[in-house]
Amino acid sequence: MPTATAVATGPAGPPKDANALIIEPVFTAKGGGKVPPETAAELLKAFNVRLAASSKMAGVGAAGVSAARHVVATFLIEAPVTDEKGLTVKMGFTGVESLGKCPIFDLDQRLTMSGGKNTAADVLELQKAAVAALLEKLEQTASTLKPKANCTASK
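So for the sequence shown, the numbering used here puts the first residue at 10; every next one is plus one.
Below you can see the structure in the form of structure tokens.
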């Protein structure tokens, strides 16, 4: 399955907790399609901005954070849909411990832009908002997720 992967680096924010959840992002299109590199780069920027604002979540290589809570997080991007409500983007977000054996979380986000058109700019705006919303949902439980200690995905 084609994917776009990148190491998270971004602006400085609050100090990270020593046991912050380290998230390694992967962006992939539903059905195995490839996420265009420029889209993946913009989504990674949104990912880094949201991660920087959190003390409970960190990117790969964050200083002072234990590697014991490292997850590979896949953003599964569905094709945008336009209907009478506007433009809708759906995105899944699953995290698996770094050895790939234990699911840690499984979240979904659906955002609609009233009057939105299926243009690259509108789709990207909604996709970036979905990335931020999914990370916000994850942050609420990030401190309780324990890779290698539980294999039940948090929803």
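Glycine included, each C-beta is placed from N, C-alpha and C at the ideal position.
key: As assigned by DSSP and simplified to three states, the class of LYS150   = It is Thr, not Lys, that sits at residue 150 in the sequence shown. Assigned with DSSP and collapsed to three states, THR150 falls in coil, not helix or strand.
key: PHE84 versus SER75, GLY42, ALA62, residue with shortest Cα-Cα distance   = Checking every option, the nearest Cα to that of PHE84 belongs to GLY42.
message = As a quick exercise: from LEU96, VAL140, GLU93, pick the residue whose alpha carbon is nearest that of ASP117.
response = The residue from LEU96, VAL140, GLU93 with its alpha-carbon nearest to that of ASP117 is VAL140.
ask   = Going by DSSP, what residues sit across from GLN136 in a beta bridge?
value = Answer is none; GLN136 lacks a bridge partner.
query = Does the beta-carbon distance from LYS126 to VAL74 come in below 7 angstroms?
reply = The answer is no: Cβ separation not under 7 angstroms.
ask   = Any idea which residues DSSP pairs LEU96 with across the strands?
value = Beta-bridge annotation (DSSP): LEU96 is paired with THR91, MET122.
query = Does the stretch 60-71 come within contact of the stretch 127-139, defined as at least 3 CB pairs closer than 8 angstroms?
reply = In short, these stretches do not touch, since the Cβ pair count stays below three.
task = Take the Cβ of GLU47 as the centre, count every other Cβ of all protein chains shown within 10 Å, and call the residue buried at 16 or more, exposed below.
result = Result: exposed.
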